[in-house]
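Heads up: the sequence shown runs through residues 1120 to 1473, numbered per the numbering used here.
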Amino acid sequence: MTDFVLAEHPHRRLNILTGDWVLVSPHRTQRPWQGQVEDIVIEQRPEYDPECYLCPGNRRAGGVNNPAYTETLAFNNDFAALKPDTPEADHMGGGLLVAKTESGICRVICFSPRHDLTLAEMTVEEIRKVVDLWTDEYRALVEDENINYVLIFENKGAVMGCSNPHPHGQIWAQHAIPCEPAKELRQMLRHYQETGRPLLQDYLSLELKLQQRIVCENSSFVVLVPYWAIWPYEVLVLPRRQVASLLEMADREKTDLADILRKITAKYDNLFRVSFPYSSGIHQAPADGKEHPDCTWHMHFYPPLLRSATVKKFMVGYEMLGGPQRDITAETSAQYLRDLSDIHYKYKEETALR
Ligand SMILES: [Zn+2]
Ligand SMILES: [Zn+2]
1120 MTDFVLAEHP
1130 HRRLNILTGD
1140 WVLVSPHRTQ
1150 RPWQGQVEDI
1160 VIEQRPEYDP
1170 ECYLCPGNRR
1180 AGGVNNPAYT
1190 ETLAFNNDFA
1200 ALKPDTPEAD
1210 HMGGGLLVAK
1220 TESGICRVIC
1230 FSPRHDLTLA
1240 EMTVEEIRKV
1250 VDLWTDEYRA
1260 LVEDENINYV
1270 LIFENKGAVM
1280 GCSNPHPHGQ
1290 IWAQHAIPCE
1300 PAKELRQMLR
1310 HYQETGRPLL
1320 QDYLSLELKL
1330 QQRIVCENSS
1340 FVVLVPYWAI
1350 WPYEVLVLPR
1360 RQVASLLEMA
1370 DREKTDLADI
1380 LRKITAKYDN
1390 LFRVSFPYSS
1400 GIHQAPADGK
1410 EHPDCTWHMH
1420 FYPPLLRSAT
1430 VKKFMVGYEM
1440 LGGPQRDITA
1450 ETSAQYLRDL
1460 SDIHYKYKEE
1470 TALR
């Protein structure tokens, strides 16, 4: 038997944040990288679309007119998955058929009045407005006694099931803590009880020492491909300073957050020269009014693309019935992303044309 090499031999990696495992099969990517840039017709969207229900001044499906907003906009989702006035009951059914009532609020956040932009093409100043809105929304929802968790997320791209290309995200705030953050909070608490330190701060220190999976950084944040990543170009945004939520971030950190979000989303678009689809979301302290020194604010990006603008990874077969699996290693993905420019390719071309 030859010696085990992480970059060559099949192995399982532990996701310390969830306690789940991912199967890694690096030997299946021995062929040269196929990250070809295809001749995609670049879809040029108008700055304003009269048919879009998120553009300024337009009528939404619920019959309300958007204000003529010039920066950001937040409103209650006209088709909310959660409602604040759900009747309460301890349990319904029991034994094998269990249900619990759930109440909450669903908000929509427009990042920009411009229909044709994405975070990748917005300026740091414009993204900072989004960070401020997230913070204001989170603060207001923490005040709500019925709300215990606030999930801020974005679904970008038709491949992620996003029906409207206008740059926007969502906030679902609810009474219960959803499954994914609940798993992570358990792991973070266990580590804190054992060591007295936040799990993700220990993890970040290790990654900064190893320098194998870092993608980009600034004075307040580090973007890396987590050791246990499932999606080919999954990344984790981590703060250098321990902060449990947006409310604990200093002014400078919020600007740095806008800066790092612009950088990673521009790198993503540059990878296959396409508006890169993903689901991203913020995990932070529960909105229960308690201190959470064990919990580190962080942001996940889960993009589905694998080898090109059109070849996506499918979570089928083994993934559905066994568990997550990947071929390209986290180290290789991190290197591809690290080597890419953080200046958006559209702006590069504009500069070149001048
Ligand atoms: Zn629009
Ligand atoms: Zn998380």
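Ideal placement from N, C-alpha and C gives every residue a C-beta, glycine not left out.
For the segment 1195-1281, the full-length beta strand (DSSP E) segments reaching 3 residues or more read 1211-1213, 1216-1218, 1223-1229, 1268-1275 along the chain. Nearest to proline 1317 by C-alpha distance, out of Trp1253, Gln1331, Arg1360, is Arg1360.
If you ignore the 5 residues before and after glutamate 1326, its C-beta comes within less than 7 Å of the C-beta of Arg1332, Ile1333, Leu1343, all in its own chain and listed in chain order.
With a beta-carbon spacing of about 6 Å, isoleucine 1228 and histidine 1287 fall inside the 8 Å limit used to define contacts. Below 8 Å, enough C-beta pairs join the segment 1249-1266 and the segment 1359-1375 to call them touching: three or more.
An exposed status is given to glycine 1315, since fewer than 16 other beta-carbon atoms sit within 10 Å of its beta-carbon. Here DSSP, grouped into helix, strand and coil, assigns alanine 1193 to strand. It is roughly 17 Å from the alpha-carbon of alanine 1193 to the alpha-carbon of glutamine 1293. At a threshold of 8 Å, leucine 1318 does not count as near ligand 2, since its beta carbon sits no closer than that to any of the ligand's heavy atoms. Between asparagine 1274 and tyrosine 1172, the gap from beta carbon to beta carbon reaches 9 Å or more. The beta-carbon separation of glutamine 1306 and leucine 1136, rounded to 6 Å, stays under the 8 Å limit for a contact. Tryptophan 1140 is bridged by DSSP to Leu1133. Selection around ligand 2 by beta-carbon proximity, strictly under 5 Å to any non-hydrogen atom, yields Glu1303, His1402 in chain order. Distance from the CA of leucine 1236 to the CA of methionine 1120, rounded to the nearest whole angstrom, comes to 54 Å.
A buried status is given to histidine 1310, since no fewer than 16 other beta-carbon atoms sit within 10 Å of its beta-carbon. Placement of the Cβ of asparagine 1184 at a distance of 8 Å or more from every heavy atom of ligand 1 is found. Beta-bridge analysis with DSSP links cysteine 1335 to Val1342. For phenylalanine 1391, the three-state secondary structure derived from DSSP is helix. Rounded to the nearest whole angstrom, the CA to CA distance from glutamate 1353 to glutamine 1289 is 20 Å. A check of alpha carbon separations from valine 1430 across Pro1351, Met1211, Asn1337 identifies Pro1351 as the nearest.
In this structure lysine 1465 is in contact with glutamate 1240, their Cβ atoms being roughly 7 Å apart against a cut-off of 8 Å.
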